[in-house]
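A.B. asks: If you use my numbering, the sequence shown corresponds to residues -13 to 82, in order.
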Amino acid sequence: MTSAIPGAAVAKGRLIVIIGDEDTCVGSLLGGVGELNKSGQPNYMVVDKNTSVQEIEHCFRNFVNRNDIAIIMIKQHIAEPIRYAVDSHTKSIPAK
-13 MTSAIPGAAV AKGRLIVIIG DEDTCVGSLL GGVGELNKSG QPNYMVVDKN TSVQEIEHCF
47 RNFVNRNDIA IIMIKQHIAE PIRYAVDSHT KSIPAK
């Protein structure tokens, strides 16, 4: 399986994660990226003006700890408030 991201390969059975605004998530879902794992957890998070920084960080940390994730795509303006969490994550994905 190949990825639209140069140099990135997505292993069979691994998911691409989207953390973004509604338009970004809907566009990705329409493109076929949306999945639920065996536990019913989605591979995306829609962030809006009412989403707290703690919710975004919690979601990010959950995604990096899932073993079914290959790539995490997060919008820049959403990543900025949790930059410390993103920068402190030094393991490859999946990070178990």
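Beta carbons are placed, not taken as given, at the ideal position from N, Cα and C, and that holds for glycine.
1) Compute the Euclidean distance between the alpha carbons of Leu16 and Asp9, then round it to the nearest angstrom.
2) Going by alpha carbons, who is nearest to Gly(-1) out of Pro67, Val19, Asp73, Gly6?
3) Which residue marks the beginning of the alpha helix (DSSP H) containing Ile171, and which one marks its end?
4) Going by DSSP, what residue range makes up the alpha helix (DSSP H) through Leu16?
5) Looking only at C-alpha atoms, which of Val33, Ala65, Asp54 sits nearest to Lys24?
6) Go through its chain and collect everything with a Cβ distance to Tyr30's Cβ below 8 Å, but skip five positions before and after it.
7) At which residues does the beta strand (DSSP E) containing Val32 begin and terminate?
8) Under 8 Å by Cβ, that's how I've got Arg47 and Ala71 pegged, so tell me the actual separation to the nearest angstrom.
C.D. replies: Working from what's here:
1) 10 Å
2) Val19
3) With the chain represented from -13 up to 82, any question about residue 171 goes unanswered, as that position is not in the structure.
4) 8 to 16
5) Asp54
6) So the qualifying residues of the chain are Val3, Ile4, Ile5, Gly6, Cys11, Ser14, Leu15, Val19, Gly20.
7) 30 to 32
8) 7 Å
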